[in-house]
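Chains as they are written, first to last, in our numbering: chain G, 373 to 619; chain E, 373 to 619.
Even glycine gets a Cβ: it sits at the ideal position worked out from N, Cα and C.
Computed from a predicted model, the values in this text were never measured in an experiment.
I have placed the structure first, in the form of structure tokens, so that the comments after it can refer back to it.
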């Protein structure tokens, strides 16, 4: 399993992904699930991947291998929408090759989900969720974030906090880490370290930095975990007890 | 979908279930998912049901219809373990009848999950989770609670709060309602009212009361929702911001 979140807010874009992959509980490994494509001052594109690791790696290998070719690729598509079309097409190509045409073979699910976001000079920041079928949806002001992978445990805090207009990027980052904390506590197949990347609108140099990696001993993450856990417990303790209870 | 929780703590047993059923988003109805079987001062058994409504209703109809028969039924089984065996057998009988032998037919999942708990005089309080296959597991001191239905959104708060030895029933009830609040916020197919029932160990009169029903206008639930939401937000706001962020 995997947990990835991406947000498109007025303040900018945020991407975060865990790094644990597993094929059964006895085959656990660490793989990066965040990929960057960029031309300084022109475009910055980030892709997060969840699903069959063979599929996601092949899709990214093909996207990378074609960057120097003559055809359409992520460094020459005219818009991020065209980038999503390209990613969806590449995904369908890989799944068709590996599964022999169907989405399932020998009980294996070859499917994968991707989040694709960023900015290409000439248009604003955009964010897409590409489905296993290769089609996709775009984030809007009403729904400014997408999750892929093990999304449920970490969804309530995002729903409570994130607002397209008013949430600054640092608060979005804090919310994302709390969301990862809830997910990691509840699902063994999601694990540290976390990769996190933030892009401000119209500032194309940002993507040149590598993503920040948050590991087991990261003091900020530890303080967040601890503060959130103790704070929740305190709020809970201060709530009134069940009045119908006949002690 | 459905959300049901049951807990077996040293302080007693707690059962809670929502009442929304849906077959597609345009076919939503309200059905009770909590059922009681009791003999005053002798036994009290509570069943919570999730899954295919035709299956769960048939299982409960058969369990009820057989209460007056000669065979084994919930009012004469010698232990709660035997009650779980009986429930599992009845479930397999209904699924076999309705599906023509397989668990799936015409793409319909006939499966259902049940939580069965309570106390029969002569043994302590017990709690079982009966799977769609008819087999079952029992709650222990290490894992004192079970959820069925849409369990993920409401699991983190239970994991943080509930402890077999130390959690009193009123705190368990508060925790359960907070867990329902998170679930209801995130999943449209789980809805109010909530039915809740608590049983103290060795006090067999308790189950004679109908479960408490918590509706949309329940002032305690409203105050809990509001207090939890504001409290979470306050804890979140007080946590330190991302230190790597280059403002």
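(request) Express the C-alpha separation of residue 596 of chain G and residue 553 of chain G in angstroms, rounding to a whole number. (result) 9 Å
(request) Could you tell me whether any Cβ in chain E is nearer than 7 Å to the Cβ of residue 571 of chain G? (result) Interface with chain E (7 Å Cβ-Cβ cutoff): residue 571 of chain G is excluded.
(request) Output yes or no for whether 7 Å exceeds the beta carbon distance between residue 452 of chain G and residue 509 of chain G. (result) no
(request) Find the residues of chain E that neighbour residue 389 of chain G, judging by a C-beta separation of less than 9 Å, and give them in chain order. (result) Neighbours of residue 389 of chain G on chain E: none; closest Cβ ~16 Å, over 9 Å.
(request) Let me know the secondary structure DSSP gives residue 491 of chain E once reduced to three states. (result) If DSSP states are grouped into helix, strand and coil, residue 491 of chain E belongs with the strands.
(message) Taking only three categories from DSSP, how would you classify residue 628 of chain G?
(response) Absent from the model: residue 628 of chain G. The displayed extent of chain G is 373 to 619, so no value can be given.
(request) Assign residue 575 of chain E to buried or exposed, taking buried as 16 or more other Cβ atoms, counted over all protein chains shown, within 10 Å of its Cβ. (result) exposed
(message) Let me check understanding here. Comparing Cα to Cα, which of E/418, E/512, E/525 and E/376 lies closest to residue 535 of chain E?
(response) E/512
(message) Using only CA atoms, which one of G/584, G/615 and G/518 lies nearest to residue 498 of chain G?
(response) For residue 498 of chain G, the closest C-alpha among the options G/584, G/615 and G/518 is that of G/518.
(message) What does the alpha-carbon distance come out to for the pair residue 579 of chain E and residue 442 of chain E?
(response) Bear in mind that a pLDDT of 43 at residue 579 of chain E, under 50, signals an unreliable position, so the number given afterwards is only what the model happens to contain. Their Cα atoms are separated by approximately 25 Å.
(message) Taking the straight line between their C-alpha atoms, what separation do you get for residue 584 of chain E and residue 571 of chain E?
(response) 12 Å
(request) Might you give, ordered along the chain, the residues of its own chain that have their beta carbon closer than 7 Å to the beta carbon of residue 525 of chain E, omitting 5 neighbours on each side? (result) 554, 555, 558 and 559
(request) Please classify residue 400 of chain E: is it buried, with 16 or more other beta-carbons within 10 angstroms of its beta-carbon, or exposed? (result) With fewer than 16 other CB atoms across the displayed protein chains lying within 10 angstroms of its CB, residue 400 of chain E is exposed.
(message) Between E/565, E/604, E/610 and E/603, which has its C-alpha nearest residue 588 of chain E's C-alpha?
(response) Comparing C-alpha distances from residue 588 of chain E to each of E/565, E/604, E/610 and E/603 shows the shortest one belongs to E/565.
(message) Going by beta-carbon coordinates alone, are residue 383 of chain G and residue 541 of chain G separated by less than 7 Å?
(response) Contact: yes.
(message) For the beta strand (DSSP E) containing residue 543 of chain G, name the first residue and the last one.
(response) First-last for residue 543 of chain G: 541-558, but that is the alpha helix (DSSP H), not the beta strand (DSSP E).
(message) Is residue 513 of chain G close to chain E? Criterion is C-beta to C-beta, closer than 7 Å.
(response) no
(request) Figure out for me which residue from E/395, E/415, E/412 and E/407 has the closest Cα to the Cα of residue 434 of chain E. (result) E/407
(request) Reducing DSSP to helix, strand and coil, say where residue 455 of chain G ends up. (result) Reduced to three states, the DSSP call for residue 455 of chain G is helix.
(request) Give every residue of the same chain whose Cβ lies closer than 7 Å to the Cβ of residue 425 of chain E, excluding the five residues on either side of it in the sequence, and list them in chain order. (result) 393 and 403
(request) Please classify residue 510 of chain G: does DSSP put it in a helix, a strand, or coil? (result) strand
(request) Taking residue 549 of chain G as the reference, give the member of G/568, G/539, G/561 and G/538 with the closest Cα. (result) G/568
(message) Using the three-state DSSP reduction, which class does residue 573 of chain E fall into: helix, strand or coil?
(response) coil
(request) Answer with yes or no whether the minimum CB distance from residue 395 of chain E to chain G is below 7 Å. (result) no
(request) Answer yes or no: does any C-beta atom of chain E fall closer than 7 Å to that of residue 580 of chain G? (result) With a pLDDT of 43 at residue 580 of chain G, under the threshold of 50, the modelled position of this residue cannot be trusted; read the value that follows with caution. Answer no: the Cβ-Cβ gap between residue 580 of chain G and chain E never drops below 7 Å.
(request) Find out if the Cβ-Cβ distance for the pair residue 431 of chain E, residue 387 of chain E is shorter than 7 Å. (result) no
(request) Could you please tell me which residues of the region 585-596 of chain E, in chain order, have their CB closer than 8 Å to any CB of chain G? (result) 592, 595 and 596
(request) With DSSP as the reference, label residue 529 of chain G as helix, strand or coil. (result) Looking at residue 529 of chain G - three-state DSSP - the assignment turns out to be helix.
(request) Step through the CB atoms of chain E and report whether any lies within less than 7 Å of the CB of residue 384 of chain G. (result) no
(message) Check whether chain G comes within 7 Å of residue 611 of chain E, counting only Cβ atoms and requiring the distance to be less than that.
(response) yes
(request) Report the rounded CA-to-CA distance for residue 654 of chain G versus residue 600 of chain E, giving the unit in angstroms. (result) What the structure shows of chain G is the stretch from 373 to 619, and residue 654 of chain G is not part of that stretch, so it cannot be assessed.
(request) Can you have a look at residue 598 of chain E and say buried or exposed, based on whether 16 or more other CB atoms are within 10 angstroms of its CB? (result) exposed
(message) So that I know if they touch, is there some Cβ in chain E lying closer than 7 Å to that of residue 554 of chain G?
(response) Answer yes: the Cβ-Cβ gap between residue 554 of chain G and chain E drops below 7 Å somewhere.
(request) Since I believe residue 562 of chain G is in contact with residue 375 of chain G (beta carbons under 8 Å), could you give me their beta-carbon distance rounded to a whole number of angstroms? (result) 4 Å
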